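**Student:**
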């Protein structure tokens with residue numbers, strides 16, 4: 001299945017690309033073009049409208065897609081939101097379904113390379129045993145064995161490349177002159193956010209009844225340290241792209257920030273949500289830190305872990321210690337389909353620039369509809 005998009009108005013700072021051997025995506029900009037090539041999906045952005053072409057069994061169907069312009073940026077708005085396994089299988093937009101389904105189908109295709117390799121090795125051992133029993137004709141069998149070996153190796157190389165082409169989805173984001181800088185800022189803002197000393201995923205909160213035993217805190221936060229965070233990682237080894245994709249591994253899912261949408265991965269299941277359908281709530285919070293104090297944390301107060309009613313330390317507890325009250329920042333990501341995750345950073349405002357970039361893209365996308 002191959003996909004082709006043709007858009008003829010300025011589409012923002014990115015462009016998409018697709019091909020007849022897989023779905024490729026390129027995020028386009030003004031003057032970009034969407035077409036089908038032999039290696040991947042190529043999306044072209046033009047000047048008079050967006051067209052969507054779907055090739056099936058050698059035939060193609062072309063349909064117009066909503067066109068719009070916002071200043072000098074345009075974004076295509078197709079939605080697929082996920083929160084849990086059931087939601088990941090529930091798609092709200094055919095284009096998102098095609099993208100995710102194509103990637104999943106690529107990964108699910110059978111690879112012939114290993115069976116052919118194993119069969120060849122077994123055949124080689126059997127052939128050697130057969131030749132040893134026919135030592136009188138060894139020269140003939142030796143020449144025949146060399147010929148068979150050469151044919152087997154050649155077949156392996158061809159099958160390996162064929163498997164890679166069949167099972168790979170090529171996504172090509174093309175950016176015209178003047179817009180590469182905008183995308184680079186997207187990556188740089190994520191890299192800046194990733195340098196924070198600690199980034200947590202707040203899994204759950206619990207109301208505390210006895211505040212005196214918890215330094216006066218009224219809530220307990222179940223947080224998980226985000227250990228895997230990178231400025232580039234792809235959700236599948238069968239996906240090839242020409243741009244960097246920021247990545248975070250939350251407690252229950254992997255999150256990939258594509259130029260136009262977020263891709264989720266949980267196990268083998270994938271989901272997607274466009275930036276226009278995401279809301280981000282930012283809030284500075286006073287957090288009672290029971291772990292070691294971080295270098296970039298802002299300490300605003302100190303309290304004893306065990307308190308009396310008057311706020312003085314409860315001396316009945318030998319291990320009573322002063323706890324630092326730090327000013328952290330929480331970013332709560334939500335969508336209409338139920339996505340709800342909170343990211344907390346030890347450095348105040350660490351994700352502000354990246355969140356603002358996401359908000360800006362979402363604003364452009366919402367003006368398309």
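Residue numbers (the UniProt record's numbering): 1 to 369. Glycine included, C-beta positions come from ideal geometry on N, C-alpha and C. It should be emphasised that the depicted structure is a prediction, and the values quoted were computed from it without experimental measurement.
Since residue 162 and residue 120 should fall inside the 8 Å C-beta cutoff, what is the C-beta to C-beta distance between them, to a whole number of angstroms?
**Tutor:** 16 Å between Cβ atoms; not a contact.
**Student:** To the nearest angstrom, report how far apart residue 155 and residue 264 are at their CA atoms.
**Tutor:** Residue 155 and residue 264 have their C-alpha atoms spaced approximately 37 Å apart.
**Student:** Suppose only complete runs of 4+ residues qualify. What are the alpha helix (DSSP H) ranges in the region 109–165, listed by chain order?
**Tutor:** 113–133
**Student:** Round the Cβ separation of residue 198 and residue 346 to the nearest angstrom and send it over; I've been treating them as touching at under 8 Å.
**Tutor:** 4 Å
**Student:** I need the boundaries of the alpha helix (DSSP H) containing residue 189, first residue and last residue.
**Tutor:** 180–194
**Student:** How would you call residue 123, buried or exposed, if buried means at least 16 neighbouring beta carbons within 10 angstroms?
**Tutor:** exposed
**Student:** Can you name the residues that DSSP bridges to residue 330?
**Tutor:** 283, 344
**Student:** For residue 360, does the three-state DSSP call read helix, strand or coil?
**Tutor:** When DSSP states are grouped into helix, strand and coil, residue 360 belongs to the helix group.
**Student:** Indicate the three-state DSSP secondary structure (helix, strand or coil) for residue 275 in the structure shown.
**Tutor:** helix
**Student:** Would you say residue 238 and residue 160 are within 9 Å of each other, going by their C-beta atoms?
**Tutor:** no
**Student:** Since residue 304 is in the beta strand (DSSP E), which residue starts that stretch and which ends it?
**Tutor:** 298–304
**Student:** Is the region 183–199 touching the region 333–348 in the sense that three or more CB pairs, one from each, lie closer than 8 Å?
**Tutor:** Contact between the region 333–348 and the region 183–199 is present, because at least three Cβ pairs lie under 8 Å.
**Student:** According to DSSP, which residues form a beta bridge with residue 370?
**Tutor:** Since the first and last residues shown for the chain are 1 and 369, residue 370 lies out of range.
**Student:** Starting from residue 266, follow the beta strand (DSSP E) in both directions and report where the run begins and ends.
**Tutor:** 261–266
**Student:** Take every Cβ of the region 327–338, pair it with every Cβ of the region 223–239, and state whether three or more of those distances are shorter than 8 Å.
**Tutor:** no
**Student:** For residue 279, which residues in the same chain have their Cβ closer than 6 Å to its Cβ, ignoring the five residues on either side in sequence?
**Tutor:** Excluding sequence neighbours, residue 279 sits near 334.
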